[in-house]
Amino acid sequence: MSNTKAASAAYVDDSTKWDTFNLDPRLLQAIDQLGFENPTLIQSSAIPLALEDKRDIIAKASTGSGKTAAYVIPIIQNLLSNEREDHEIRSIILVPTRELSNQVHQFIEKLLSYCNSNLGSINLSSNVSDQVLQSLLINKPEIVITTPAKLIKMMEEQNNQNLLNLSQVENLTIDEVDLILSYGYQDDLNKLEEYLPIKKNLQTFLMSATINEDIEEIKSKFCSKPAVLKLNEDNISQNNLIQFYARTTEFDKYLLAYVIFKLQLIKGKTLIFVNDVERGYRLKLFMEQFGIRCCILNSELPINSRLHIVDEFNKNVYHLLIATDETNNITIEQDEAKEEEDEGEEKEEGQEVKEASKSKKKNQKKDKEYGVSRGIDFQNVACVLNFDLPTTSRAYIHRVGRTARAGKKGMALSFVIPVKEVGKHKTATLPLAKRDEKILRRIVKQQERSGFEIKPYQFDMKQVEGFRYRAEDAFRAVTGTAVREARIKELKNELVNSDKLKRYFEENPQDLASLRHDKELHPSRVQSQLKRIPEYLLPESARGEVKNLGFVPFHKHGHRVQKGKRGGHGKRFGKKSDPLKSFKPRN
Ligand SMILES: Nc1ncnc2c1ncn2[C@@H]1O[C@H](COP(=O)(O)OP(=O)(O)OP(=O)(O)O)[C@@H](O)[C@H]1O
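All residue numbers for the sequence shown refer to UniProt numbering, where the first residue is 1 and numbers rise by one.
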């Protein structure tokens with residue numbers, strides 16, 4: 001989390017002020033510095049329960065509703081109000097991914113700004129060597145943030161046992177608790193049970209936007225009489241997320257992506273989700289053909305690069321990020337089984353999914369603790385594009401939750417392939433798309449249950465058609481070999497970046513900006529003519545002098561489109577533009 005403006009009325013509890021919680025002045029000052037004027041609803045519900053009533057908490061609240069502060073503030077407050085001479089580990093925060101571990105750690109450090117000399121925190125899942133971690137642990141930081149696997153690995157190493165003494169732990173928090181279970185951390189949690197003083201009044205917080213009965217076992221292990229808070233969309237008066245889906249074909253996904261991003265039909269930053277690493281590179285290479293710059297995020301990249309990419313995306317260095325969502329594949333079997341059970345659907349298709357996901361798993365060298373669709377606080381994302389539909393409706397909630405955060409507005413657009421279209425385009429196909437229609441039905445139902453609508457969006461294909469030839473040409477240039485080469489090249493680049501990042505940029509943080517992650521990879525045939533859009537391809541309103549603004553405003557009044565500059569368009573949209581407005585739905 002970086003500096004944040006106050007969340008909008010949708011999430012903020014205006015009726016509650018921070019000073020009603022009797023927080024330590026050092027903590028209040030840090031909250032003030034973050035710009036959090038009022039607590040959010042989940043914060044104003046959870047904090048008194050945790051502090052005054054000393055309750056364990058199970059909180060299910062929407063993505064972006066401020067759950068992190070809802071558990072971090074009570075943790076810090078409790079530590080401050082029982083300050084001790086001796087330093088010991090007193091709070092463990094478990095998160096499913098290294099990305100989230102880093103983010104939560106950074107947030108905690110901000111809240112500790114005024115009490116750093118009294119309290120400390122450590123991120124065990126950071127990218128430093130075990131020796132460095134050991135030297136940091138000597139200082140006995142009070143708060144440990146980690147993935148379960150890393151904690152257990154360190155606990156099991158003989159020489160860490162004194163350093164990682166958990167006998168004084170007073171609080172255990174499990175963030176994204178349902179994902180922790182899906183990631184196969186159950187064994188680690190079982191082991192953790194042995195190390196923790198559960199019987200001695202351990203306070204437990206279990207948090208997520210999606211929680212179901214799967215957590216019963218954890219609940220009975222770690223909680224006693226928990227207060228269960230359910231603050232989902234129903235509790236929020238205003239819906240800031242506009243959701244669309246568009247039925248399309250395997251190839252037309254690429255065509256539409258080209259049109260949307262080349263014509264800058266989406267205003268602001270976009271996060272594009274694909275379902276596997278290779279598709280991410282294919283899409284990047286395809287977009288590169290048109291001079292559309294974007295960067296890639298996936299589990300193959302070194303952790304330093306991943307964190308740096310997210311950080312720079314948040315600082316608006318990049319506008320387009322193609323992220324491979326692999327929680328998708330990890331949770332698919334469990335989630336499918338669960339969702340099918342809920343809806344009494346047949347098991348056969350579940351089998352199909354298992355097979356497809358198995359064959360995928362074979363050639364992936366992924367970091368098991370990678371994840372960006374859960375919990376990562378991407379800042380100011382205008383649009384989430386599900387280039388590939390997620391494979392469960394639960395994954396959908398978390399993906400689209402990367403936009404419209406903290407009460408801001410956002411849009412989600414999901415491409416859906418009708419069953420009869422699957423397998424028609426040899427290279428662009430994605431076998432799991434056979435499930436798209438079914439998943440869409442579930443998403444629609446689930447959104448309806450929360451009172452939201454996901455609307456169909458039909459692009460006016462007549463307008464798009466003119467771009468087809470160029471899209472096909474560009475797509476042909478992105479061969480399988482080109483994708484493989486790009487993948488290796490990106491990995492090499494990022495390893496170099498990562499090494500540089502580690503050694504040099506630690507001391508020179510201001511120079512971090514010089515490492516760009518959206519460099520062109522182009523191992524495919526480069527066709528420079530594709531970077532320009534000839535005028536005849538533009539929608540009428542965008543040709544020549546602007547007359548019909550309010551449609552696709554390619555440039556401000558009185559300015560010509562500056563071709564050849566920044567991917568062919570010098571100017572951003574005027575005020576009246578709406579994302580995707582030129583492609584009106586056909587009813
Ligand atoms: N009281 C507050 N006032 C204003 N902004 C806030 C407040 N609390 C949190 N935020 C901001 O809201 C954003 C979302 O918070 P957070 O990441 O904790 O959400 P979350 O509920 O954990 O979401 P997810 O389920 O996606 O993990 C962050 O940018 C955070 O800084």
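We put the beta carbon where it would ideally sit given N, CA and C, even for glycine.
About 6 Å separates the CB atoms of Met154 and Leu164; that is less than 8 Å, so the two are in contact. For Val169, the distance from the CB to the nearest heavy atom of ligand 1 is not below 8 Å. For the pair Thr270 and Phe261, the CB atoms are nearer than the 9 Å cut-off. Taken atom to atom, the span from the alpha-carbon of Arg374 to that of His105 is near 16 Å. If you check the CB distance, Asn102 and Leu307 come in under 9 Å. A direct Cα-Cα distance of roughly 43 Å separates Leu202 from Val317. As far as DSSP is concerned, Tyr183 takes part in no beta bridge. By the neighbour-count definition (other C-beta atoms within 10 Å, threshold 16), Asn380 is an exposed residue. In the DSSP assignment, Pro456 falls within the beta strand (DSSP E) that extends over Ile454 to Pro456.
Nearest to Phe205 by C-alpha distance, out of Asp86, Ile58 and Ile76, is Ile58. Judged by beta-carbon spacing, Tyr245 lies beyond the 9 Å limit of Ile292, meaning their Cβ atoms are not closer than that value. In the pairwise beta carbon analysis, the stretch 459 to 479 is classified as not touching the stretch 273 to 280: fewer than three pairs are separated by under 8 Å.
If you look at Ala474, you'll find it isn't in any beta strand (DSSP E); it sits in the alpha helix (DSSP H) that goes Arg468 to Ala477. As computed with DSSP, Val12 is found in a beta bridge with Thr40. From the listed residues Glu193, Asp14 and Asn239, the smallest Cα separation to Glu217 is found for Glu193. A Cβ-Cβ distance of about 6 Å is found for the pair Val72 and Leu111, placing them in contact under the 8 Å criterion. Following the DSSP letters along the chain, one finds Ser101 inside the alpha helix (DSSP H) bounded by residues Arg98 to Leu111. Boundaries cannot be given for Gly401, as no alpha helix (DSSP H) includes it and DSSP labels it neither H nor E. Taking a C-beta distance under 9 Å as the contact criterion, Ile180 and Leu94 qualify as a contact pair. For Val274, no alpha helix (DSSP H) encloses it; the enclosing beta strand (DSSP E) starts and ends at Lys269 to Val274.
Listed in chain order, the non-local C-beta contacts of Leu495 below 7 Å within the same chain comprise Pro302, local neighbours out to five positions each way being set aside. By the C-beta density criterion, Ile76 is buried, having at least 16 other C-beta atoms within 10 angstroms. Beta-bridge pairing by DSSP links Leu94 to Thr146 and Ile174.
Within the stretch 198 to 247, the runs of alpha helix (DSSP H) at least 4 residues long that lie entirely inside it are, in chain order, 216 to 222.
With at least 16 other beta carbons inside 10 angstroms of its own, Arg487 counts as buried. Under the three-state reduction of DSSP, Val381 is assigned to strand. Set against 8 Å, the gap from the CB of Asp377 to the closest heavy atom of ligand 1 is smaller. The distance from the Cβ of Gly401 to that of Ala227 is about 23 Å, inconsistent with a contact at the 8 Å cut-off.
Counting only the Cα atoms, Tyr536 lies some 49 Å from Leu34. With a threshold of 8 Å, the Cβ atom of His398 counts as near ligand 1, since some heavy atom of the ligand is closer than that.
By the C-beta criterion, the stretch 172 to 188 is judged not to be in contact with the stretch 118 to 137, since fewer than 3 inter-stretch pairs fall below 8 Å. When beta bridges are read from the DSSP output, Cys295 appears opposite Leu321. Between the stretch 142 to 161 and the stretch 56 to 70 there are fewer than three C-beta pairs closer than 8 Å, too few to call the two in contact. Within a 10 Å sphere around the beta-carbon of Arg90 sit 16 or more other beta-carbons, which makes this residue buried.
Placement of the Cβ of Ser101 at a distance of 8 Å or more from every heavy atom of ligand 1 is found.
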